[in-house]
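If you read the sequence shown in my numbering, its first letter stands for residue 7, the second for the next number, and so on.
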Amino acid sequence: MFNFSIKDRLAIRGGLLLVTLLMLTACGYHLRGALELPEALKKMYVKGDSPELAAAIERTFRGTSGELVATAGEAGMILNVLDEFYQRRTISLSSTGYSNEFELIYRLSFDLLDGEGNTLVSNQTIEVMKTYYNAQSSETLLSKDNEEIVLRQELYDEAVRSVIQRARAELKKTYP
């Protein structure tokens, strides 16, 4: 029916790839986690964070133009962590009584201060949740444990992005 040469097939594939890439850029597609930071957020100091939260902030800032600084004096924004709470809850049980489905909850309470130590946002709380199915058997136990670790990292990453969004919104209100 259609007898295309190899050269024609490559040209068609190249054309389709080009059209796909153009459509992605036209729709506003961005890499997941890519954030544009205002000037005040480009240098952040974090006080009172857990190792998991610190790692999530590092991962988030790695994809931006921002950096974490060692002292509050260098910072344009200070994140003061008031409280962190992580919980794993059973949602459903199997017929044999083992947990089938879990809900992971992470809650972060914090204050945001500007570089001079003035409070921008006081006592804010962010709560993020994820659920996952965990059919417990000897073959899947290790892989499901790894899945929970990945989901927990995603919870922390999502909380950090929410903190940055709140900081960005507050900066727009305070310094228009």
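Where is the CB? At the ideal position from N, CA and C, for every residue including glycine.
With a 10 Å radius around its C-beta and 16 neighbouring C-beta atoms as the bar for buried, classify residue i as buried or exposed.
i, result
"Asn-9", "exposed"
"Ser-27", "It is Leu, not Ser, that sits at residue 27 in the sequence shown. Exposed: under 16 other Cβ atoms inside 10 Å."
"Ala-76", "exposed"
"Tyr-162", "buried"
"Phe-67", "buried"
"Val-25", "exposed"
"Ala-165", "buried"
"Ile-63", "buried"
"Asp-89", "exposed"
"Met-29", "exposed"
"Phe-91", "exposed"
"Val-156", "exposed"
Could you tell me the boundaries of the alpha helix (DSSP H) in which residue i lies?
i, result
"Thr-66", "57-68"
Got a sec, what are the start and stop residues for the beta strand (DSSP E) residue i sits in?
i, result
"Asn-86", "83-99"
"Asn-124", "That residue, Asn-124, is in no beta strand (DSSP E); it is neither H nor E in DSSP."
"Tyr-51", "49-53"
Going by CA-CA distance only, name the one from the options that's closest to residue i.
i, options, result
"Leu-99", "Phe-91, Asn-140 and Val-75", "Asn-140"
"Asn-86", "Ile-155, Thr-70, Lys-13 and Asn-124", "Asn-124"
"Ser-168", "Met-29, Val-134 and Glu-109", "Val-134"
"Asp-55", "Leu-43, Ser-11, Leu-23 and Arg-113", "Arg-113"
"Glu-73", "Gln-93, Glu-58, Val-52 and Pro-57", "Val-52"
Less than 8 Å between the CB atoms is what I'm expecting for residue i and residue j, so what's the real figure, rounded?
i, j, result
"Thr-102", "Ser-115", "Contact flag wrong, Cβ pair sits at about 39 Å."
"Asp-117", "Ser-105", "Incorrect: roughly 36 Å between the Cβ atoms, too far for contact."
"Ile-84", "Leu-119", "4 Å"
So that I know if they touch, is there some Cβ in chain C lying closer than 9 Å to that of residue i?
i, result
"Asp-55", "The structure shown has no chain C; it contains just one protein chain."
Taking DSSP's pairing of strands, which residues face residue i in a bridge?
i, result
"Lys-136", "Leu-110"
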